[in-house]
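Sequential numbering from 5 applies to the sequence shown in our numbering. Each residue gets a CB set at the ideal place from its N, CA and C atoms; glycine is no exception.
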Amino acid sequence: MTVFCGGAGTREGGCAGGFPPEVPIEFRDAERVTLENWKRYVRFKRPKRCSRYKDVALCLLEFFHNKGVYTGIYPSPYKENFSPQASRAEISERGVQRAEISERGGGRGEGESESVSVRVKQMTLDEVIESLSEEEREVVEEVGKQVERWWVKRIGSEFPEYLKAITPMFVLYLQERECYDVRIVLYYGDGEEEEVRIPYKTRFSERYRREVEEKLSGIKFKRCTHLIIPTNMNVYREIISATRALKRRWDILWKRIKRELDDFHKWYWKMVDWLEKGEIPEDYFAEYLHSLPFDLNIGIPATSKEVRFLCVLEFALKEGHGMPHLHILIENVFFNKNGIRMIREEELKGHTNGFKMRRYFNLDICDYVLKYVKKALVVNLRRGRRKFTSSEIRKFVHASLYWITGCHMYSVSRNVQEEIKERISGGEEEEKDYIGRYEGLVLARDRFEKHLKERDYVMYCFYERVDEFHVEQFAFLYFEHRIERVVKEILSEWNDYLT
């Protein structure tokens, strides 16, 4: 697997004064590097503890975007490529063919040698555009306004092509983690040590649902505003930057809302007091109310310290492109047309073309969050407490997008976090007489043997011949071989699109 020979730690470093080692060979030539192709180049930064599955998935995503695999996915049944790159290439090729001018006025004669070649003047793309007719120039301008549709689907496919780089690696990641335990060493005050092994658990299992239910049970919003903030996929080059930009936009919007609440509570009660004393006219007070971003017909909004919110991240799979969007609930804060204009034209401008807003009353937060958490649960429990993996591909796709972006499924405001902490701990923090230290993952041989028996009986026959001291190495190489096999299948299919 020569394409992915580098580890997670070696890929983060660059080289001073030059291009990083991950830059394609054609980009290392200084004459070929332009502002356009450098901006189009995608390279993902690896997290500190990046598993080999996520590293390979990010490498496949880089290959998908940098090689332009999506330009070979034909969106029409006639297999015509309507992507911007194909249109630019076609126009440039036609213009260059039209601009082939011989300095001699003709080709090479019969008696001339091959050394006396005809010099051809190659025109740049700008010169080609100037030589085009008005109709062709309009086509070029429309093509320039288009954006690379990297989220397109093949004909007959339910999901976009970029998910092939993510979901298969996520499935392998879950299968491997089922075969491993977490090794923790407990150090007690009297100098004793104890080794503890815990089965590796992810947030995509039934256990995570029970933890969410335990945390959020009993929390209700009596009155709240519901915001749905989508993402304009035309603005971003890949799914990770789109998701992180969405989270940043919400952080900026939340800070703006808190500033507006502080200004409101700072001046509103002063205005009311001045109006009662007759220091300001009623028209001035009415104009002040008309300029507020909050709707006071339902009630006075909460202060910035008292206001509570809930934010849930979801990926839209009904349309099939995986668009990230946020479901946000803000308690006791309602917006009027000024507030809607502030959100749309000031805070969300450039990220999305619009958003949805509605009002909810007596909403149970736990039920609301579990409705979205259940969409990403792929490991469930039967009645006999036996684990089983879901067979719904949509759930795996949904969970893999959380996995590759590294984002939480939901988040709450700080006052809600403090409320949850006080309720769980009972107001008293537990004192521990030991210190735990993470020592890594250890292979659970019984579960690994069961995995081979059920899913790969041929490798199970080889496993029976392996001695006890080489089981760990066998398991590592087994999953490494499965990664290489999946990568070869994906790259062979994508190379067909490129050719």
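Return helix, strand or coil for residue i, following the three-state DSSP convention.
i, result
"Leu495", "helix"
"Lys360", "strand"
"Arg153", "coil"
"Val382", "coil"
"Asn366", "strand"
"Cys63", "helix"
"Ile77", "coil"
"Arg53", "coil"
"Leu167", "helix"
"Arg158", "coil"
"Gln126", "Note that Gln126 has pLDDT 45, beneath the 50 cutoff, so the model's placement of it is unreliable and the number below is only indicative. In the structure shown, Gln126 sits in coil (DSSP, three-state: anything other than H, G, I, E or B)."
"Arg98", "Since pLDDT at Arg98 reaches only 45, below the 50 mark, its modelled position is unreliable, and the value read off the structure follows with that caveat. Of the three classes helix, strand and coil, the one that applies to Arg98 here is helix, per DSSP."
Below 8 Å on the Cβ atoms is my contact criterion, and I expect residue i with residue j to pass it. Report the Cβ-Cβ distance as a whole number of Å.
i, j, result
"Ser308", "Asp255", "The pair is not a contact, with the Cβ atoms about 15 Å apart (cut-off 8 Å)."
"Phe505", "Ile369", "In the structure displayed, the chain extends from 5 to 503; residue 505 sits before or after that span and is not available."
"Pro305", "Asn336", "6 Å"
"Leu2", "Ile332", "Limits of the chain in this structure are 5 at one end and 503 at the other, which puts residue 2 out of reach."
"Arg451", "Glu182", "6 Å"
"Ile188", "Tyr442", "6 Å"
"Ser417", "Phe268", "About 18 Å; that fails the 8 Å criterion."
"Glu507", "Arg47", "Because residue 507 is not part of the residues shown, which for the chain are 5 to 503, the question remains open."
"Leu445", "Asp185", "7 Å"
"Tyr166", "Ile243", "7 Å"
Residues in its own chain within less than 7 Å of residue i by CB, not counting five upstream and five downstream?
i, result
"Glu210", "Leu381, Val383, Asn384 and Leu385"
"Leu321", "Arg398, Val401 and His402"
"Asp299", "Phe338, Phe339 and Asn340"
"Thr356", "Ile233, Pro234, Thr235 and Asn236"
"Asn366", "Lys224 and Lys226"
"Pro164", "Trp155, Val156, Lys157, Gly324, His325 and Gly326"
"Gly410", "Pro51"
"Leu220", "Ile369, Cys370 and Val373"
"Thr247", "Pro328, Thr409 and Cys411"
"Tyr406", "Ala380 and Met413"
"Arg362", "His230"
"Thr393", "Val382 and Val383"
Could you give the first and the last residue of the continuous alpha helix (DSSP H) run that contains residue i?
i, result
"Pro172", "Thr171 to Arg181"
Which same chain residues, not among the five before or five after residue i, have their C-beta less than 6 Å away from its C-beta?
i, result
"Tyr376", "Val316 and Glu318"
"Ala456", "Looking at the sequence itself, residue 456 is Leu, so the reference to Ala does not match. Closer than 6 Å at Cβ, skipping near neighbours: Met463, Tyr464 and Tyr467."
"Leu257", "Glu351"
"Leu495", "none"
"Arg108", "Reliability fails at Arg108, whose pLDDT of 34 lies under 50, so the model's placement of it is uncertain and the value that follows must be treated cautiously. None."
With residue i as the anchor, note down where its beta strand (DSSP E) starts and where it stops.
i, result
"Arg201", "Glu197 to Pro203"
"Tyr45", "Run containing Tyr45: none; DSSP gives neither H nor E here."
"Asp185", "Tyr184 to Tyr192"
Only counting the same chain, and skipping five residues up and downstream in sequence, which positions put a Cβ closer than 8 Å to that of residue i?
i, result
"Pro285", "none"
"Arg213", "Leu374, Val377, Lys378 and Leu381"
"Glu423", "Ile223"
"Glu217", "Cys370 and Leu374"
* Runs of alpha helix (DSSP H) lying entirely within the stretch 409–469, each at least 4 residues, in chain order -> Counting only runs of 4 or more, we get 418–429, 449–459 and 461–467.
* **Uninterrupted alpha helix (DSSP H) stretches inside the stretch 289–346 (no shorter than 4 residues)** => 341–346
* To do: Identify every run of the alpha helix (DSSP H) within the stretch 204–285, keeping only runs that are complete inside it and at least 4 residues long; order them along the chain.
  => 210–220 and 243–281
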